[in-house]
Amino acid sequence: MGRLVAIVWMFTGLFVVAYFTAAITADRLESNISDLIDLFGKQVATVADTTSARYMNQQPVKLIEFEQVEDAYKALKAGQVQALVYDSPTLLYQTSQNREYQIVGELFAEQDYGIVLPQGSHYRESINRIILQLQEDGELTNLEQKWFPCDILPH
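In terms of the working numbering, the sequence shown has 111 at position 111, counting the first letter as 1, and numbering is strictly consecutive.
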């Protein structure tokens, strides 16, 4: 049950809403990318078979798809791509851990996260109760501030 609670905290701490945004590397002051249009014609990384990949495949970018987000970050660090487009909570966390990256631009699209359980799972009521309690206690806000500090968001 303890592991289940930890998983619930992790998912609910991700705002319950996922966003796409672009994280840009290198010199924070010299980056010439500030929005989606600035990505046009550039090498852009994302994770294969995701909504980010489907969205970016419709844009005039040179999209490189990776199996894992870690591989996309390696390409970004190596200068093989100029930007990484992926779920905002993941990018916000990574950027909070490594300040050589920055989040720029506006959010592209919004999607809900969910927790999938087997039909008739006896955990459903407990999970719902825990999420509600976390919301009421303000703990979800505390988690958001801890893992996604405001100073890494685009201004």
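Glycine included, every Cβ here is placed at the ideal spot set by N, Cα and C.
- In this structure, DSSP gives glutamate 100 a state outside helix and strand, which the three-state scheme calls coil.
- Using a Cβ-Cβ distance cut-off of 8 angstroms, the stretch 92 to 112 and the stretch 30 to 41 are in contact, since at least three pairs of beta carbons, one from each stretch, lie closer than that value.
- When DSSP states are grouped into helix, strand and coil, alanine 109 belongs to the coil group.
- When rounded, the separation of the alpha-carbon atoms in alanine 72 and serine 126 is 36 angstroms.
- According to the DSSP secondary-structure assignment, threonine 46 is paired through a beta bridge with Glu65.
- By alpha-carbon distance to lysine 42, the top candidate from Asp49, Gln94, Ser34 is Ser34.
- At least 8 angstroms separates the beta-carbon of valine 85 from that of lysine 62.
- By the CB criterion at 8 angstroms, leucine 132 and leucine 140 fall outside the cutoff.
- Within the same chain, Cβ atoms closer than 8 angstroms to the Cβ of phenylalanine 66 are found at Ala45, Thr46, Val47, Ala48, Ala72, Ala75, the five residues on either side in sequence being excluded.
- In this structure, DSSP gives aspartate 137 a helical state, which the three-state scheme calls helix.
- Only exposed fits leucine 117, as fewer than 16 other CB atoms lie within 10 angstroms of its CB.
- Per DSSP, tyrosine 86 is one residue of the beta strand (DSSP E) stretching across 83 to 87.
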